[in-house]
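> To convert, take the position in the sequence shown, counting from 1, and add 67; that gives the numbering used here. Note that the Cβ used here is the ideal one computed from N, Cα and C, for glycine as well. Quick one: this structure, given as structure tokens, is what I'll be asking you about.
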Amino acid sequence: NANPQVVSHVKKSVFPRVEKLLLSPLLDKTSVGAVHEFFKQLAMLESKGFGFAFLTGALASLSDSADEKSIHVFENTGSCAAAVLLGTSQDNAVKGVKKFCKGAGAKSVKTVLYCLYTLGEMGRRTDISEYGKDIENVIVEALNHENAEVRKGASYSIGSIAIGNLSKYLSFILNHMKSNPNLQYLLL
């Protein structure tokens with residue numbers, strides 16, 4: 068277990084600065100990787116009041132404060148939320164994936180983008196099919212969304228998820244390309 072004083076200091080002093088970094092369009096992939104690892108380590112600590120629920124909630128609030136066109140914020144927060152899911156317990160990870168699947172069907176475009184990028188980043192790092200059965204349906208619905216940014220986010224998400232389980236999701240992508248010619252561009 069971590070020293071409570073250190074955790075308190077990180078929560079009060081370091082965490083707000085990291086949140087500001089996630090909003091920056093200048094944050095590169097290497098830096099996001101370091102922040103990603105920071106979030107994963109925080110989730111692994113499972114500190115009371117600074118664990119899974121707090122971290123995913125803070126990232127959701129950060130996404131909600133962004134402009135819909137600020138895709139880098141959704142990519143950054145999604146990557147960090149995926150890190151939290153990977154760093155937490157199996158039970159929390161399963162609950163989290165279900166929560167993000169549900170959120171991908173929300174009315175708020177910002178919530179949908181945050182959830183899609185989180186699912187995509189999670190799928191890029193692990194076989195996400197083990198965490199839930201609704202993932203494919205969630206992505207297909209988002210590919211047909213009226214908002215272009217949501218469609219792009221769904222496209223990114225399914226491509227990233229395919230990396231985690233190519234044998235399952237490649238056939239899914241190819242089948243949908245055949246049955247839905249209007250989605251071919253987004254599925255490529």
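Would you check if the distance between the CB atom of T185 and the CB atom of L153 is smaller than 8 Å?
With respect to L153, T185 sits apart: the two C-beta atoms are not nearer than 8 Å.
> Judging by CA-CA distance, which residue of L233, P248, M189 and A171 is the nearest neighbour of A221?
A171
> Tell me which residues share the same chain as S114 and place their Cβ nearer than 7 Å to its Cβ, disregarding the 5 neighbours each side in the sequence.
Excluding residues up to 5 positions away in sequence, A69 and V74 lie with their Cβ nearer than 7 Å to the Cβ of S114 in the same chain.
> Could you give the uninterrupted runs of the alpha helix (DSSP H) lying entirely in the segment 70 to 124, keeping only those of 4 residues or more?
71 to 76, 82 to 90 and 96 to 112
> Near K165, what residues of its chain come up, given a Cβ to Cβ distance below 7 Å and the 5 sequence neighbours on each side ignored?
G199
> Can you say whether H76 is buried or exposed, counting buried as having 16 or more other CB atoms within 10 angstroms of its CB?
exposed
> Roughly how many angstroms separate the alpha carbons of G124 and G145, rounded to a whole number?
12 Å
> Using a Cβ-Cβ distance cut-off of 8 Å, determine whether C147 contacts chain D.
Any reference to chain D falls outside this structure, which holds one protein chain only.
> Reducing DSSP to helix, strand and coil, say where T178 ends up.
Of the three classes helix, strand and coil, the one that applies to T178 here is helix, per DSSP.
> Express the C-alpha separation of A133 and V140 in angstroms, rounding to a whole number.
Near 7 Å, if we compare the C-alpha coordinates of A133 and V140.
> Helix or strand or just coil, what does DSSP make of K136?
coil
> Which same chain residues, not among the five before or five after A150, have their C-beta less than 6 Å away from its C-beta?
Once the five neighbours on either side are set aside, the close Cβ partners of A150 are H103, F106 and K107.
> For S137 and G190, I'd like the C-alpha separation in whole angstroms.
22 Å
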